[in-house]
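*Asks:* Dropping the structure in here first, questions after.
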Amino acid sequence: MIAKEYEQKNKRIKVVRHAEGIEASENFKFALKTAETKYFTWLGGHDILVDDYIASSIEHLEKHPDAVLAYPRDAIFVDKNNQKIRDGACSNIESRNNTSPVSRMAVVVSNLVCCTNIHGVFITSVAKKLPFEKVIGPDNLQLAVTAIFGEIHAIPIQGIR
Numbered sequence: 647m648i649a650k651e652y653e654q655k656n657k658r659i660k661v662v663r664h665a666e667g668i669e670a671s672e673n674f675k676f677a678l679k680t681a682e683t684k685y686f687t688w689l690g691g692h693d694i695l696v697d698d699y700i701a702s703s704i705e706h707l708e709k710h711p712d713a714v715l716a717y718p719r720d721a722i723f724v725d726k727n728n729q730k731i732r733d734g735a736c737s738n739i740e741s742r743n744n745t746s747p748v749s750r751m752a753v754v755v756s757n758l759v760c761c762t763n764i765h766g767v768f769i770t771s772v773a774k775k776l777p778f779e780k781v782i783g784p785d786n787l788q789l790a791v792t793a794i795f796g797e798i799h800a801i802p803i804q805g806i807r
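Count along the sequence shown from 1, then add 646; that gives the number in the working numbering.
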């Protein structure tokens, strides 16, 4: 198992295998609940990060204490064979220098088109406060609620594919 090899090479990596299969949302919830790190990101088995994405995001969050989420401005979209379909911008939900939680939330709700922003890097303590409701578009809800806790920043990198 590839993940176990990485775990053996790097003590910061912890592989957890559930006795029985669970749905993706329950697994994301479990991963967040057990996270003991300052930063957190959700990724699925099909998500691929470009080099330095996590490091760039953490560096940005360290420099901007009002930010609770940093996401890549651009993404690459690929098919199941990892062939590029298109590249383009993530939804522009950035809310810098905006002190009103309601105004920040309105930016998210008004501008969210695709939810690649959910793969941004969160402050873990904020991510742990997000709802895990069984609704259509739970990631939309989580991104909107994130804005209550602080600013959301787009960083000028192509982050995920």
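Quick reminder that beta carbons are idealized off the backbone N, C-alpha and C, glycines included.
All values reported here derive from a predicted model rather than from experimental measurement.
Which residues in the same chain as D725 place their Cβ atom closer than 7 Å to its Cβ, once the five residues preceding and following it in sequence are excluded?
*Replies:* Here the set comprises I731.
*Asks:* Measuring alpha carbon to alpha carbon, tell me which of S746, G734 and K660 ends up nearest I803.
*Replies:* G734
*Asks:* How would you label E797, buried or exposed, when you count the other beta carbons within 10 angstroms and need 16 or more for buried?
*Replies:* buried
*Asks:* Name the DSSP bridge partner or partners of P718?
*Replies:* Per DSSP, the beta bridge partners of P718 are I801.
*Asks:* Can you list, in chain order, the residues of its chain with a C-beta nearer than 7 Å to that of R742? Leave out the 5 residues immediately preceding and following it.
*Replies:* E797 and H799
*Asks:* Just checking my contact of L789 with C761 at CB under 8 Å: how many whole Å lie between their CB atoms?
*Replies:* 7 Å
*Asks:* So, at 6 Å on beta carbons, what are the nonlocal neighbours of T683 in its own chain, with the 5 sequence-adjacent residues on each side left out?
*Replies:* Excluding positions up to five away in sequence, the list reads T770.
*Asks:* Just the C-alpha distance for K650 and V661, rounded to the nearest angstrom, thanks.
*Replies:* 7 Å
*Asks:* D733 lies in the beta strand (DSSP E); which residues open and close that run?
*Replies:* First-last of the beta strand (DSSP E) with D733: K730 to A735.
*Asks:* Pick from A713, E672, I782 and V696: whose alpha carbon is nearest that of I744?
*Replies:* The sequence given here places Asn at residue 744; Ile does not occur at that position. With distances taken between Cα atoms, N744 lies closest to A713.
*Asks:* CA-CA distance, F676 and L758?
*Replies:* 26 Å
*Asks:* Can you tell me whether Y717 is buried or exposed? The criterion is at least 16 other CB atoms within 10 Å of its CB, across all chains shown.
*Replies:* Counting the other Cβ atoms within 10 Å of the Cβ of Y717 gives 16 or more, which makes it buried.
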